[in-house]
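There are 2 protein chains.
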Amino acid sequence: ADEAEYSRGQQLAQQCLGCHGETGIAPVTTNPNLAGQNAEYLRYALTAYRDGNRKGGMAFIMQANASSLSDSDIAALALYFSSQTGRDGSQP
Amino acid sequence: ADEAEYSRGQQLAQQCLGCHGETGIAPVTTNPNLAGQNAEYLRYALTAYRDGNRKGGMAFIMQANASSLSDSDIAALALYFSSQTGRDGSQP
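Order-wise, the sequence lines are chains X and A. Note that the numbering used here gives residue 26 to position 24 of the first sequence, counting from 1, and the numbers run on in steps of one. Note that the numbering used here gives residue 46 to position 44 of the second sequence, counting from 1, and the numbers run on in steps of one.
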């Protein structure tokens, strides 16, 4: 199931690439990297954005983007991004 | 200045280790990893928590932790965690 869920997440992630990067290393440093983030945290945050429980700052952008996601979409996205390798902080 | 700011961040980070890990890889997967995150995003998020602009979910915990931080503390913490290497997502 993980294989199928991973590719579903990869497909859904196309919607996130503009702000968070192809594999979750954000092209804009005001945005968070998602690569290597904890899947459980990503599920929690995406659900909080979708359901309007996380407010303030950029939440309104994320709320719009997450509004159409089902729980299984969110799980697939979390699996995809958490499976990527985080940014090597020793590089600038 | 970076050297001094980095060690100041490392010192301040002692306060964060319980939830976010020694080098920003969270020991609890409900918590976000900070290692390799973008410094600018970390400054934005920490300031939003401190100033109460980010609400909902776990914000109340972060607001309490960030309440005593000055802007330069926040910059030092952001430098420290963003300089770490993010989690290798290909490992479980």
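Glycine included, every Cβ here is placed at the ideal spot set by N, Cα and C. Every value quoted in this text rests on a predicted model; they were computed, and no experiment measured them.
Residue range of the unbroken alpha helix (DSSP H) whose run includes residue i
i: Ala61(A); result: Ala61 to Ala68
i: Asp53(A); result: That residue, Asp53(A), is in no alpha helix (DSSP H); it is neither H nor E in DSSP.
i: Gln13(A); result: Asp4 to Leu14
i: Ala78(A); result: Asp73 to Ser84
i: Leu19(A); result: Leu19 to His22
Residues near residue i by beta carbon distance below 8 Å, same chain, minus five either side
i: Ala28(X); result: Cys21, His22, Pro34, Asn35 and Leu36
i: Leu71(A); result: Leu14, Leu48, Arg52 and Leu79
i: Tyr8(A); result: Ala78, Leu81, Tyr82 and Ser85
Buried versus exposed, by CB contacts within 10 Å (16 or more), residue i
i: Thr25(A); result: buried
i: Gln13(A); result: exposed
i: Phe62(X); result: exposed
i: Ala6(A); result: exposed
i: Gly68(X); result: For the sequence presented, residue 68(X) should be read as Ala rather than Gly. It is buried - the Cβ of Ala68(X) has at least 16 other Cβ atoms within 10 Å.
i: Gly91(A); result: buried
heavy atom of the ligand GTP below 7 Å from residue i C-beta
i: Ser72(X); result: Among the ligands in the structure shown, none appear at all, so the ligand GTP cannot be discussed.
7 Å CB neighbourhood of residue i in its chain, flanking five on each side removed
i: Arg10(X); result: Ala78
i: Asn40(X); result: Ser84
i: Thr87(X); result: Ala37 and Gly38
i: Arg45(A); result: Ile76, Ala77 and Ala80
Proximal residues to residue i (C-beta, below 6 Å), its chain only, five neighbours per side dropped
i: Arg56(A); result: Ala50
i: Met64(A); result: Tyr51
i: Leu19(A); result: none
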